[in-house]
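J.: Shown below is the structure under consideration.
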Amino acid sequence: MNITEKILAKASNQKTVSPKEIVEANVDAVMVNDLTGPLAVDSFRKIGAKKVWDPSKIAIVLDHLAPASSEKAAELHKILRKFAEEQGIPGLYDVGEGVCHQVMVEKGYVKPGALIVGADSHTCTYGAFGAFSTGIGSTEAAAVFATGKIWLRVPETIRIDVVGLFHSYVTPKDLILHIIGHIGADGAIYKSIEFTGSAVRRMSVEGRMTLCNMVVEMGAKNGIIEPDETAIKYLRLESAEMVKSDPDAHYEKVLEIDVSSLEPQVACPHSVDNVKPVSDVSDVEIDQAFIGSCTNGRIEDLRLAAQILRGKNVKKGVRLLIIPASRMVYLQALREGLIETLMEAGAVVCNPTCGPCLGGHLGLLAEDEVCISSSNRNFIGRMGSVKAKIYLASPATVAASAVTGKITDPRMLEA
Amino acid sequence: MIISGKAVKFSDNVDTDVIIPSKYLVLLDPNELARHAMEGLDPGFYEKARRGVILAAGKNFGCGSSREQAPIALKYAGVKCVIAESFARIFYRNAINIGLPVIECENVSGRIADGDELMVDLENGFVKNLTKNATFQATKLPPFIMQILKDGGLIENLRRRLGVK
Ligand code: SF4
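Listed in order, the protein sequences are those of chains A and B.
Just remember that the numbering used here sits 21 ahead of the position in the first sequence, which is counted from 1.
Just remember that the numbering used here sits 375 ahead of the position in the second sequence, which is counted from 1.
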């Protein structure tokens with residue numbers, strides 16, 4: 022069995038499982054956020070259960086509209102705080118803690134071999150640590166609150182072996198955009214994607230999270246990477262279950278990618294699989310640049326942005342918005358002097374939140390405006406007006422573009 | 376379960392941000408959500424759907440976020456069933472869980488036109504296009520999923536299973 026199959030077998034108390042089989046699995050942790058949680062609370066009440074199955078395994082993160090962007094948003098937060106109190110759930114992460122997927126990792130819900138579900142599509146991020154994690158809806162989250170169980174179809178797995186060395190200023194984000202462009206927005210529906218290979222082993226945890234975060238943009242159920250020392254260290258675990266794929270594990274398909282020849286990639290409007298090398302879209306003028314989100318709002322991303330922006334200025338007429346993914350990331354960036362560098366360059370730094378990533382608040386787009394963003398979706402209307410255009414790229418490309426006012430290869434700026 | 380109605384057609388990769396834009400996710404009343412269903416692609420959709428329609432789409436219907444508000448908005452707007460060539464998995468689960476029937480059928484784009492009269496047989500897994508007088512095979516739903524739909528969604532299904540009165 023491969024790693025995904027092993028985790029699903031264990032969670033459903035079976036010796037083996039195979040693709041297409043439907044299993045009932047025990048859940049190790051479940052997460053809801055401020056947009057999906059209130060509906061889950063409502064469903065939980067309608068189910069008629071009185072007590073949640075295990076308060077310590079439930080995380081509630083107020084992140085999408087934080088601090089409350091409207092009275093209605095404030096009401097949603099209130100519902101969740103009340104529910105956490107009533108049910109004795111210690112894991113309520115209030116305004117300011119950060120984006121749910123970063124918080125889940127930082128607060129210790131994610132461990133190798135665990136089965137985690139969350140009412141947010143990018144729950145697949147935790148595969149970076151060798152966990153099986155996937156997104157579900159609010160009512161299903163309520164069902165997990167009540168029973169601690171969920172049905173899952175065992176997915177077929179595509180293995181992607183990544184080899185070679187990245188050029189400087191070419192990042193895991195460029196790699197995952199390239200892969201999505203190749204596989205397509207519906208190319209991996211219901212499937213698992215396992216990333217292997219020397220380039221993945223060398224990759225930081227931040228980079229691995231970016232890879233797994235975006236597998237849902239190809240329709241995948243989960244993305245996963247075998248745990249190793251790098252992952253364990255990041256989680257500060259003394260010991261962990263180092264679940265690995267068997268040497269004879271079955272894969273539906275195996276792809277190999279050499280990143281040595283990869284150039285920065287950009288996903289063009291209005292779909293994430295409309296991917297082009299940056300050289301094809303340079304000269305597209307931008308109004309806004311955004312670095313943040315659960316895809317690329319981590320310390321490594323802010324370091325990269327600061328490295329590019331140090332001693333430079335954001336082009337007049339362009340807004341550069343920086344949103345650290347969590348309080349911890351923000352604090353670390355402060356300690357390293359990155360926030361100062363970014364602000365001196367002219368960036369606007371906001372509190373940890375999803376912000377404009379989903380068009381919630383803090384930087385929506387007007388008609389015909391163009392934004393380059395380090396987030397994960399560029400759908401019509403995602404960041405405000407249905408007539409705005411969103412390009413997705415790495416934090417390096419976003420930072421470089423903020424300096425020139427046009428989509429820019431970060432390697433050009435350096436020269 | 377047999378469902379019939381007129382087809383309203385959409386293409387591939389219809390994402391949840393156009394099904395229900397995120398600015399409406401603060402709304403808790405399903406009927407209010409319904410007024411904005413598909414607003415991103417067709418602002419006149421709500422009026423069209425109110426008499427009860429079957430939504431027919433291409434590949435990867437419902438891709439994007441996990442928002443359950445997407446199938447809820449469709450259901451309360453008047454969508455009785457969604458037929459697509461394939462579904463994004465979270466949308467698929469959400470639709471079943473809130474009691475909106477979904478069914479996979481090949482080549483929807485070639486076989487169904489906007490306004491065609493359709494009949495869907497969920498148990499036996501076929502779609503009849505009455506306007507074109509043709510019947511197509513569709514994917515049969517496993518019995519336990521059929522049961523969730525018959526119960527009216529996961530909440531009712533769980534209430535029954537947990538023995539809540
Ligand atoms: S940062 Fe964006 S993609 Fe990530 S959880 Fe928030 S809204 Fe979703």
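C-beta: ideal position from N, C-alpha, C; glycine also.
#1: From A/GLN35, A/SER260, A/ALA241, pick the residue whose C-alpha is nearest to that of A/GLU443; which is it?
#2: Can you check which of these residues, B/ILE473, B/PHE511, B/GLY500, is closest to B/LEU533 by C-alpha distance?
#3: Quick one, which residues of the stretch 149-162 of chain A are near chain B if we go by CB-CB under 7 Å, in chain order?
#4: In whole angstroms, what is the alpha-carbon distance linking A/LEU186 and B/PRO405?
#5: Indicate whether at least one CB of chain B lies closer than 8 Å to the CB of A/ASP141.
#6: Where A/LEU355 and A/ILE344 are concerned, what is the direct C-alpha to C-alpha distance, given to the nearest angstrom?
#7: Indicate, with yes or no, if ligand 1 has a heavy atom lying under 7 Å from the CB of A/HIS85.
#8: Just to confirm, are B/ASP392 and B/SER440 a CB contact at a threshold of 8 Å?
#9: Could you tell me whether the Cβ atoms of A/GLY208 and A/MET239 are closer together than 8 Å?
#10: Figure out for me which residue from A/ILE246, A/TYR190, A/LYS93 has the closest Cα to the Cα of A/SER213.
#11: Rounded to the nearest angstrom, what separates A/ALA12 and B/PRO518 at their Cα positions?
#12: With distances taken from CA atoms, which of B/LEU475, B/GLY500, B/GLY380, B/ASP417 is nearest B/LYS450?
#13: Closest by CA to A/GLY148, which one among A/LEU198, A/THR217, A/ILE204?
#14: Which term fits A/VAL38, buried or exposed, when burial requires 16 or more other beta carbons within 10 angstroms of its beta carbon?
#15: Which parts of the stretch 343-402 of chain A are runs of the beta strand (DSSP E), unbroken and 3 residues or longer, counting only runs that do not cross its ends?
#16: If you follow the beta strand (DSSP E) that B/PRO396 is part of, which residue opens it and which one closes it?
#17: If you follow the alpha helix (DSSP H) that A/ASN243 is in, where does it begin and where does it stop?
#18: So, is A/ARG398 buried or exposed, given that buried needs 16 or more other C-beta atoms within 10 angstroms?
#19: What are the residues that DSSP puts in a beta bridge with B/SER484?
#20: Nearest to B/SER379 by CA position, among B/ALA431, B/LEU400, B/GLU414, B/ASP390, is which residue?
#21: Return the CA-CA distance between A/VAL391 and A/ILE201, expressed in angstroms with no decimal places.
#22: Quick one: what's got a C-beta closer than 7 Å to A/ILE28's C-beta in the same chain, skipping five residues either side?
#23: Sort A/LEU383, A/VAL53, A/ASP430, A/VAL339 by Cα distance to A/VAL121 and report the nearest one.
#24: Closer than 7 Å, Cβ to Cβ, to anything on chain A: give me those residues from the stretch 453-468 of chain B, in chain order.
#25: Would you kindly work out how many angstroms separate the C-alpha atoms of A/VAL92 and B/PHE420, rounded to a whole number?
#26: Starting from the C-beta of B/LYS515, find all residues in its chain whose C-beta is less than 6 Å away, skip the five residues before and the five after it, and write them out in chain order.
#27: Quick check: is any heavy atom of ligand 1 less than 7 Å from the C-beta of B/VAL457?
#28: Nearest to A/ALA70 by alpha carbon, out of A/ALA46, A/GLY129, A/GLY169, A/THR57?
#29: Between A/LYS333 and A/VAL424, what straight-line distance do the alpha-carbon atoms span, to the nearest angstrom?
#30: Just to confirm before moving on: does the CB-CB distance between B/ILE377 and B/MET494 stay below 8 Å?
#31: Could you name the residues of chain B that A/VAL407 contacts, counting a contact when the two beta carbons are closer than 7 Å?
#32: Closest Cβ-Cβ distance between B/SER441 and chain A: below 8 Å?
#33: Any idea what DSSP makes of A/TYR114, helix, strand or coil?
T.: Straight from the coordinates:
#1: The requested residue 443 of chain A does not occur in the structure, where chain A is confined to residues 22 to 436.
#2: B/ILE473
#3: GLY156, ILE157, GLY158, SER159, THR160, GLU161
#4: 51 Å
#5: yes
#6: Approximately 13 Å between the Cα atoms of the pair.
#7: yes
#8: In this structure, B/SER440 lies closer than 8 Å to B/ASP392 by Cβ.
#9: yes
#10: Distances from the alpha-carbon of A/SER213 to those of A/ILE246, A/TYR190, A/LYS93 put A/ILE246 closest.
#11: With chain A covering 22 to 436 only, the question about residue 12 of chain A has no answer from this structure.
#12: B/LEU475
#13: A/THR217
#14: buried
#15: 391-394
#16: Neither: B/PRO396 is in no beta strand (DSSP E) and is coded neither H nor E.
#17: A/ASN243 -> not in any alpha helix (DSSP H); beta strand (DSSP E) instead, spanning 243-245.
#18: buried
#19: Note: B/SER484 sits in no beta bridge, so no partner.
#20: B/ALA431
#21: Spanning the alpha carbons of A/VAL391 and A/ILE201 requires a straight line of approximately 22 Å.
#22: Within its own chain, the residues whose Cβ lies closer than 7 Å to the Cβ of A/ILE28, once the five positions on either side in sequence are excluded, are GLY134, LEU136, PHE153, VAL264, listed in chain order.
#23: Just to set this straight, residue 121 of chain A is Cys in the shown sequence, not Val. If we check each option's Cα against that of A/CYS121, A/VAL53 comes out closest.
#24: SER461, ALA463, ARG464, ILE465, ARG468
#25: The question names Val, but residue 92 of chain A in the sequence shown is Glu. Near 28 Å, if we compare the C-alpha coordinates of B/PHE420 and A/GLU92.
#26: GLY500
#27: no
#28: Per the Cα distances, A/GLY169.
#29: When the Cα atoms are used, A/LYS333 and A/VAL424 turn out to be separated by approximately 7 Å.
#30: Contact check for B/ILE377 against B/MET494 passes: the beta carbons are separated by less than 8 Å.
#31: GLY415
#32: yes
#33: strand
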